Each structure stands twice: as structure tokens, then as C-alpha cells.
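J.:
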Amino acid sequence: RVQEAGPPLREMYEANRRREIGLKVLETLSRIGDARQAELFQQLIQDPDPERKRLGIEGLARISDVSRMAAFKKDYQREGNQELKLAYAFAITRMGDHAFLDSLILSLPARTVGSRSRGYILELGSEVLPELFPYLNDPDADIRAQLCDIIAALGDPEAISHLTPLLNDPSGSVSDRANRAIEHLRRIKGGQAGQ
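Add 86 to a position in the sequence shown, counting from 1, and you land on the number used in this note's numbering.
1. Assign ASP242 to one of three DSSP states: helix, strand, or coil.
2. Helix, strand or coil for PRO225 per DSSP?
3. Below 8 Å on the Cβ atoms is my contact criterion, and I expect LEU172 with SER189 to pass it. Report the Cβ-Cβ distance as a whole number of Å.
4. Is the beta carbon of ALA196 sitting closer than 9 Å to the one on GLN168?
5. Is GLY119 helix, strand or coil when you go by DSSP?
6. In chain order, what residues of the same chain have a beta carbon less than 6 Å from the beta carbon of ILE207, not counting five sequence neighbours either side?
7. Measuring CB to CB, does ARG180 end up less than 9 Å from LEU210?
8. Hey, would you say LEU126 sits closer than 9 Å to GLY145, going by beta carbons?
9. Would you identify the three-state DSSP class for VAL214, choosing helix, strand or coil?
10. Between the C-alpha atoms of ARG164 and LYS275, what's the straight-line distance to the nearest angstrom?
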């Protein structure tokens with residue numbers, strides 16, 4: 087996420103726009119959050135290629151220009167592609183409207199976009215952690231299980247009390263993952279206490 091890398095990456099992208107390496111460079115550029123690249127990402131949102139369009143949405147999300155929120159909400163409603171819709175939900179959540187976090191969480195079990203959704207939630211980080219806890223009661227066992235993993239990865243030992251009831255979850259997968267998450271967070275807590 088080194089801002090200074092933005093201009094050279096942009097130059098490399100422009101030189102390789104139609105090659106496979108251009109897409110890889112664009113993916114890297116979209117992760118930096120360099121506001122100087124906003125017009126490029128805005129252009130990419132109009133691109134017919136869904137992959138480039140997704141990277142444009144993600145790039146603007148990481149710049150977090152709140153003035154684009156209304157347009158993103160409209161685009162979210164009109165988007166038919168599930169992956170792009172998820173990218174819009176990530177962008178809107180990152181810009182501050184956490185109601186769209188619901189779309190990311192409910193997409194966790196999806197085969198096609200589940201791992202991307204997980205990545206988005208992890209990237210949003212501990213800022214959204216308190217909003218994940220109510221979903222530990224979701225009727226879908228897969229959502230509960232995956233949230234145990236995500237909460238463990240976020241690494242806040244304060245989450246242990248929220249995970250503890252899942253040790254008695256009717257789903258063996260959920261109770262196992264809750265147990266592993268709690269053990270992981272206890273190790274982190276022990277490490278913090280030793281410092």
C-alpha cells in the first residue's frame with residue numbers, strides 16, 4: 087500500500103493495458119488506495135470487462151471518496167453480476183455505510199464469491215468486528231462457521247465471550263471452528279499479557 091508506487095504502476099499498466107500482466111498490475115494498483123488514480127478507476131467502472139470493472143470499484147473503494155457513495159448505491163441496485171455487486175457492497179461499507187456489510191456476510195457460503203467476500207470482510211478489519219457478532223446467531227451454519235474463522239483472524243481476544251456460546255452449537259463444524267477460534271484468541275491474549 088505504498089502510495090509512491092501509484093505513478094510507476096500506472097505507467098506500467100498503460101504500457102501493458104491489453105496484456106495479462108496489465109491486469110495483474112491493475113490489481114496491485116487497485117490495492118494501494120492512491121487518490122491520484124481515481125480517474126483511471128472511474129474509467130474502469132465503465133469497462134465492459136467485469137474483471138477490470140471490479141478492480142475499478144475496488145480501487146475507488148480503497149480511496150474512500152465518500153462523494154461517490156450515492157452513485158455506488160445506485161450502481162449496486164442496478165448491477166446483475168454477483169461479483170460486481172459484492173465489490174459495490176465492499177466499497178459502500180468501506181465508505182462508511184455499514185448496512186451493506188450484510189451483503190458481504192450473507193455471501194460467505196456462496197461457492198462463486200464466498201472467498202472474495204471473506205477477503206473483503208478481513209480487509210475491513212476490526213472496525214466492523216462488533217457488527218459481526220449478531221451474525222453468530224444466523225440460521226445458516228456455514229455463515230456461523232466462517233465467521234468464527236474471520237473473527238479469529240481479526241485477532242481481538244475480546245471476541246472470546248461472543249464465540250463461547252457456539253461451543254454448544256448443534257453443528258459440529260461450527261462448534262469445532264468456534265473452539266479453534268477461541269484457542270487462537272486465548273494464545274493472542276496470553277502473548278499480550280506476557281508483554
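Quick reminder that beta carbons are idealized off the backbone N, C-alpha and C, glycines included.
All values derive from a computational prediction rather than experimental measurement.
T.: From the atom records:
1. Coil, per DSSP.
2. DSSP places PRO225 outside both helix and strand once states are collapsed to three, so it counts as coil.
3. The distance from the Cβ of LEU172 to that of SER189 is about 7 Å, consistent with a contact at the 8 Å cut-off.
4. Yes, the Cβ-Cβ distance between ALA196 and GLN168 is below 9 Å.
5. GLY119 carries a coil assignment under DSSP once its states are collapsed to helix, strand and coil.
6. Cβ within range, chain order: LEU190 and ILE236.
7. Going by C-beta atoms, ARG180 is nearer than 9 Å to LEU210.
8. Taking 9 Å as the cut-off, the Cβ atoms of LEU126 and GLY145 count as close.
9. Of the three classes helix, strand and coil, the one that applies to VAL214 here is helix, per DSSP.
10. Roughly 45 Å between the two C-alpha positions.
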